[in-house]
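Peer 1: Its first residue numbered 1, the sequence shown is counted upward by one per residue in full-length UniProt numbering.
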Amino acid sequence: MRFNKLDLNLLVSLDAMLAERNVSRAAERLHVSQSTMSSALGRLRTYFGDPLLVQVGRGMELTPRAQTLKEDVHDILGRLDTVVVTQPQFDAAKSDREFRLLASDYTLVTLMPHLLALVRQQSSSVRFQFAPLPQLDRPHRALEGGEADLLICPHNYCSREHPTEILFEEEFCCVVCNDSPLAEPGAMTVARYMAADHVVTQPSGVDRTPFVSWFMEHHGVTRRVGIKTFSFVSAPFAVVGTEYVATVQRRLAQFAQGALPVTLLPLPVSMPRMQLAMQWHRSRTHDSGLVWFRRLLGEAVRRMNGGDAKAVAPASASAGNVWSQPL
Numbered sequence: 001m002r003f004n005k006l007d008l009n010l011l012v013s014l015d016a017m018l019a020e021r022n023v024s025r026a027a028e029r030l031h032v033s034q035s036t037m038s039s040a041l042g043r044l045r046t047y048f049g050d051p052l053l054v055q056v057g058r059g060m061e062l063t064p065r066a067q068t069l070k071e072d073v074h075d076i077l078g079r080l081d082t083v084v085v086t087q088p089q090f091d092a093a094k095s096d097r098e099f100r101l102l103a104s105d106y107t108l109v110t111l112m113p114h115l116l117a118l119v120r121q122q123s124s125s126v127r128f129q130f131a132p133l134p135q136l137d138r139p140h141r142a143l144e145g146g147e148a149d150l151l152i153c154p155h156n157y158c159s160r161e162h163p164t165e166i167l168f169e170e171e172f173c174c175v176v177c178n179d180s181p182l183a184e185p186g187a188m189t190v191a192r193y194m195a196a197d198h199v200v201t202q203p204s205g206v207d208r209t210p211f212v213s214w215f216m217e218h219h220g221v222t223r224r225v226g227i228k229t230f231s232f233v234s235a236p237f238a239v240v241g242t243e244y245v246a247t248v249q250r251r252l253a254q255f256a257q258g259a260l261p262v263t264l265l266p267l268p269v270s271m272p273r274m275q276l277a278m279q280w281h282r283s284r285t286h287d288s289g290l291v292w293f294r295r296l297l298g299e300a301v302r303r304m305n306g307g308d309a310k311a312v313a314p315a316s317a318s319a320g321n322v323w324s325q326p327l
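1. What do you reckon, are the CB atoms on residue 247 and residue 229 nearer than 8 Å?
2. With H, G and I counted as helix, E and B as strand and the rest as coil, what does DSSP make of residue 149?
3. Using three-state DSSP, classify residue 8 as helix, strand or coil.
4. Figure out for me which residue from 279, 184 and 243 has the closest Cα to the Cα of residue 227.
5. Which word fits residue 279, buried or exposed, when buried means at least 16 other C-beta atoms lie within 10 angstroms of its C-beta?
6. Under 8 Å by Cβ, that's how I've got residue 126 and residue 92 pegged, so tell me the actual separation to the nearest angstrom.
7. Would you kindly work out how many angstroms separate the C-alpha atoms of residue 294 and residue 147, rounded to a whole number?
8. Can you name the start and end residues of the beta strand (DSSP E) that residue 183 belongs to?
9. Using the rule of at least 16 other Cβ atoms within 10 Å of the residue's Cβ for burial, across every protein chain shown, is residue 116 buried or exposed?
10. Whose C-beta lies closer than 8 Å to the C-beta of residue 292 among residues of the same chain, with five residues either side of it excluded?
11. Distance check for residue 155 and residue 6, CA to CA, integer angstroms please.
12. Determine whether the beta carbon atoms of residue 255 and residue 105 lie at a separation below 8 Å.
13. In this structure, what does DSSP give as the bridge partners for residue 131?
14. For a quick check, are the C-beta atoms of residue 172 and residue 297 less than 8 Å apart?
15. Do you know whose CA, among 23, 130, 258 and 14, lies nearest residue 67's CA?
16. Would you decide whether residue 8 is buried or exposed? Buried here means 16 or more other CB atoms lie within 10 Å of its CB.
17. What does DSSP give as the partner residues of residue 73 in its beta bridges?
18. Which partner residues of residue 19 appear in the DSSP bridge assignment?
19. Of the choices 58, 73 and 28, whose alpha-carbon is the least far from that of residue 44?
20. Would you kindly report the start and end of the unbroken alpha helix (DSSP H) that includes residue 141?
21. Am I right that residue 282 and residue 161 are in contact with their C-beta atoms under 8 Å? What's the rounded C-beta distance?
22. My understanding is that residue 46 touches residue 251, with C-beta atoms under 8 Å, so please give their C-beta distance in whole angstroms.
23. Between the Cα of residue 77 and those of 164, 12 and 262, spot the shortest distance and give me the residue it belongs to.
24. I need the boundaries of the beta strand (DSSP E) containing residue 273, first residue and last residue.
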């Protein structure tokens, strides 16, 4: 079928190539040969009068024209799928579908083991692709560009343009080495907290200030930064053998305490809890596979919380109101 002299079947190929930035992976995604996909790219280049994908080093990059097409093409196909395609009932036991999830390493360490255990119990052959959150200030762009099926991030980073469901709440605590003077009972005062050298997490490629740093700055708490790391999971490791202080999510701190010689302490300053949410593209709300995946994540949260869907990690002096700064 053609529209304005364009074979509409080519839009599916275009969507895959713009998302994968690789002809071979796009062909694999659509279960066609590489030569078929290369031919489609040639026809698309002719139609748009633009190379669309160009070789840069060992990889392919989108041209400015392709960048402008990416989100619109994916959105159009998603809307068509919702309107004209009857979604078959998803059968996890028979499906080998791959779900693409964007999340931080903190989420992978704390929540994913429970998710994968549930998948195993269902004897499902579904597959997962986990990737870090790009552009944390606007993570929903990955949904709009077809790069992910679902993302998990702080609720305040979610877009109002797509559906969101809060999964759980998290609070923060201090992590110090067992040998640190700050590990002594009563040693972690506000003054000593502010005077200490801190391990601060700043994810790669993110301009927006992470939750902890944002809160501290806006409440007049000045911290001396000793180490900056891109990984939440690495922060507790960085304090071992030092007098550094890491302010991290309590669930992650408890995980680290089981493997490292570290002590967990309540924050000497009051900090509200953080809400973690999942978000998906509005055109995929009724996708039966994603409905199953979202329900499974909800069950994984209940398992992580010991059966209580709304539980937070054990309370400490740092507990406070839920923080939900809008975009």
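Each residue gets a CB set at the ideal place from its N, CA and C atoms; glycine is no exception. In this text, all values refer to a predicted model and were calculated from it rather than measured experimentally.
Peer 2: Looking at the atomic coordinates:
1. no
2. coil
3. coil
4. 243
5. buried
6. 6 Å
7. 17 Å
8. Counting along the chain, residue 183 falls outside any beta strand (DSSP E), and DSSP gives it neither H nor E.
9. exposed
10. 90 and 92
11. 40 Å
12. no
13. 102
14. no
15. 14
16. exposed
17. Residue 73 pairs with nothing; no bridge assigned.
18. In DSSP, residue 19 forms no bridge with anything.
19. 73
20. 141–144
21. 7 Å
22. With a Cβ gap of about 53 Å, residue 46 and residue 251 do not count as contacting.
23. 12
24. 273–279
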